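Numbering (our numbering), first residue to last: 1061 to 1571. From the three backbone atoms N, C-alpha and C, an ideal C-beta is built for every residue, glycine too. The model shown is predicted, which means the values in this text are computed figures rather than measured ones. Scroll down for the structure; my scribbles are underneath it.
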Ligand code: NG6
Ligand code: CA
């Protein structure tokens, strides 16, 4: 009798706990690469003789690989701004590439993907590259770095403040610079601090990675940077150790929060310049340091997958892998990316890349995996990083307040690869400052450029020559490289897309 009762009780407990697990929303990990192009991964067609990405290829094989996955801008800061806020960056001035001493661009009180998930009971962390500014008017490097991620919904952060080609090379943990010695304060500025301060110009012959344009101010670790800084010697890191630092910190944080639910925004610096992966990855591809950095990124993804397996979390964790903008070869350093390219196509079949509103600028690798829940496959649905806020809120069953995250659409069923699920019916692409736009509606694509002095010209894939058109219309299924402007032949379509773009820019469309 007692035995029967015990059995009954234990079976009830098992059922009850699995019921609880089902009810609990999954952990969510966003893995965002930097400057990774559509064609840079094996699962998107990269030749394994040039670069191998076995971990990401496995992630894709175990989940959904999107062929129309987008980030919302062609540079870093605006894509990250819109990913976190669910608001197009062009709606807020000053959201182009952030400078070293830039203030926090996302102001406290803004609803974000992280604050929404926090409300749903998630532990939330940002680990990796931030590049969205810190501090009220400017970062107080030797004091409290506030506001920052902790004021907009993250419980914890461990960050590179801007990009690693911009000063300073230190980690920010929560509200301060890690390992900063008060006797050696950190100074960051845009003017040379003294005439004898060594720079990439005065000491060019000492550099281990030479610059090609810009990147010739303060030297750290044999590499010239954008901006000047002094002090903080104990807080500085070596570029080669950045990837390991992110992963060590991530492993500890996941371990600590394994009982979940948790949301991790993991922002790798690979494959942004200066490309200086750990020595163990250098020489692992035929593509030079750019390829070697792709391998380091792939390794990072593999480490996160291993950690989830070790902690038995893979079936309870949605991973979304994406990029912040399309690829670029020479982005200011002579690192061999151009010379060693061979027949590798960083943007796959698309034209343009980083800085461009042609498809290559924003159509990037996009993979979702949730073992046991997402059926493996390839999806041609349109999804965009701006949709994370509304989609993850739906997953966590938390309401998005009416005016919050206005440009974010709930495309959760498409992200989960549910059969018949529709993604977006349009996607808007902006360049760095929101001067040029792309708008894809179904199979049609409008490219609209505002002519101005010194503007980043859209170049033709065929001959690399700048195109002159201000507004051009392409039919993507026949012309993925956006070579044949069909605007004159299809004036109604051109008008329809132009007016939709104008409406989207002028309004804050409600979901
Ligand atoms: C540009 C930099 C480039 C890169 C980019 C931002 C020069 C000449 N070029 O101004 O190297 O840092 O800004 O890249 O300085 S992003 O991926 O963070 O948007
Ligand atoms: Ca980038």
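Asked: Would DSSP call residue 1129 helix, strand or coil?; Found: strand
Asked: Residues in its own chain within less than 7 Å of residue 1563 by CB, not counting five upstream and five downstream?; Found: none
Asked: Name the DSSP beta bridge partners of residue 1505, please?; Found: 1500 and 1534
Asked: Which first and last residues belong to the beta strand (DSSP E) in which residue 1441 is found?; Found: 1437 to 1444
Asked: Is it the case that the CB of residue 1286 approaches a heavy atom of ligand 1 more closely than 6 Å?; Found: yes
Asked: At a threshold of 6 Å, does residue 1444 count as lining ligand 2 (C-beta to nearest heavy atom)?; Found: no
Asked: Tell me whether residue 1167 sits in a helix, a strand or coil according to DSSP, three-state version.; Found: coil
Asked: Helix, strand or coil for residue 1398, going by three-state DSSP, please let me know.; Found: coil
Asked: In chain order, what residues of the same chain have a beta carbon less than 8 Å from the beta carbon of residue 1515, not counting five sequence neighbours either side?; Found: Any reading at residue 1515 needs caution, since the residue's pLDDT is 48, under 50, leaving its predicted position unreliable; the model's value is listed next. For residue 1515, where only same-chain residues beyond five positions count, the Cβ hits under 8 Å are 1495, 1496 and 1509.
Asked: Rounding to the nearest angstrom, what Cα-Cα distance links residue 1150 and residue 1409 in this structure?; Found: 27 Å
Asked: Going by the C-beta, is residue 1094 closer than 6 Å to any heavy atom of ligand 2?; Found: yes
Asked: With a cut-off of 8 Å on the beta carbons, I'd call residue 1572 and residue 1411 a contact; round off their distance for me.; Found: Within the shown structure, residues of the chain are numbered from 1061 to 1571, placing residue 1572 beyond reach of any answer.
Asked: Please classify residue 1093 as buried or exposed, where buried requires at least 16 other C-beta atoms within 10 Å of its C-beta.; Found: buried
Asked: Can you find at least 3 beta carbon pairs, one from the region 1120 to 1130 and one from the region 1351 to 1361, that sit closer than 8 Å?; Found: no
Asked: If you draw a straight line from the C-alpha of residue 1225 to the C-alpha of residue 1189, how long is it?; Found: 12 Å
Asked: Leaving aside the five residues before and after residue 1451 along the sequence, list all residues of the same chain whose C-beta is less than 7 Å from its C-beta, in chain order.; Found: 1470, 1471, 1472 and 1475
Asked: Does DSSP put residue 1104 in a helix, a strand or coil?; Found: helix
Asked: Let me know the secondary structure DSSP gives residue 1302 once reduced to three states.; Found: helix
Asked: Beta-carbon within less than 6 Å of residue 1233's beta-carbon, same chain only, minus the 5 sequence neighbours each way: which residues are those?; Found: 1218
Asked: So does the region 1290 to 1303 actually touch the region 1233 to 1249, counting three or more Cβ pairs closer than 8 Å?; Found: yes
Asked: Can you give me the Cβ contacts of residue 1372 inside the same chain, cut-off strictly under 6 Å, excluding the 5 residues immediately before and after it?; Found: none
Asked: Please determine, among 1367, 1345 and 1357, the residue with the shortest C-alpha to C-alpha distance to residue 1381.; Found: 1357
Asked: As a quick check of your reading: which residues have a C-beta less than 5 Å from at least one non-hydrogen atom of ligand 1, in chain order?; Found: 1135, 1136, 1157, 1223, 1225, 1273, 1274, 1391 and 1392
Asked: List the endpoints of the continuous beta strand (DSSP E) containing residue 1326.; Found: 1322 to 1327
Asked: Mind the definition here: the region 1345 to 1353 touches the region 1207 to 1215 only if three or more C-beta pairs lie below 8 Å; say whether that holds.; Found: no
Asked: What do you reckon, are the CB atoms on residue 1097 and residue 1386 nearer than 7 Å?; Found: yes
Asked: How long is the line joining the alpha carbons of residue 1174 and residue 1323, rounded to whole angstroms?; Found: 7 Å
Asked: Do the region 1311 to 1321 and the region 1082 to 1089 touch if we need at least three Cβ pairs shorter than 8 Å?; Found: yes
Asked: Could you pull out every residue in the same chain whose Cβ sits closer than 6 Å to the Cβ of residue 1307, ignoring the five residues on either side in sequence?; Found: 1360 and 1363
Asked: Measure the alpha-carbon distance for residue 1365 versus residue 1145 and round it to whole angstroms.; Found: 27 Å
Asked: Between residue 1468 and the rest of its own chain, which residues show a CB-CB distance below 6 Å, the 5 nearest in sequence each way excluded?; Found: 1146, 1446, 1447, 1449 and 1450
Asked: Could you name the residues that DSSP lists as bridge partners for residue 1378?; Found: 1088
Asked: Can you tell me where the alpha helix (DSSP H) holding residue 1364 begins and where it ends?; Found: 1349 to 1370
Asked: Grouping DSSP H, G and I as helix and E and B as strand, with all else coil, what is residue 1558?; Found: helix
Asked: Which whole-angstrom value is the C-beta distance of residue 1483 and residue 1442, which I expect to be below 8 Å?; Found: 4 Å
Asked: Does the Cβ of residue 1492 lie closer than 6 Å to at least one heavy atom of ligand 2?; Found: no
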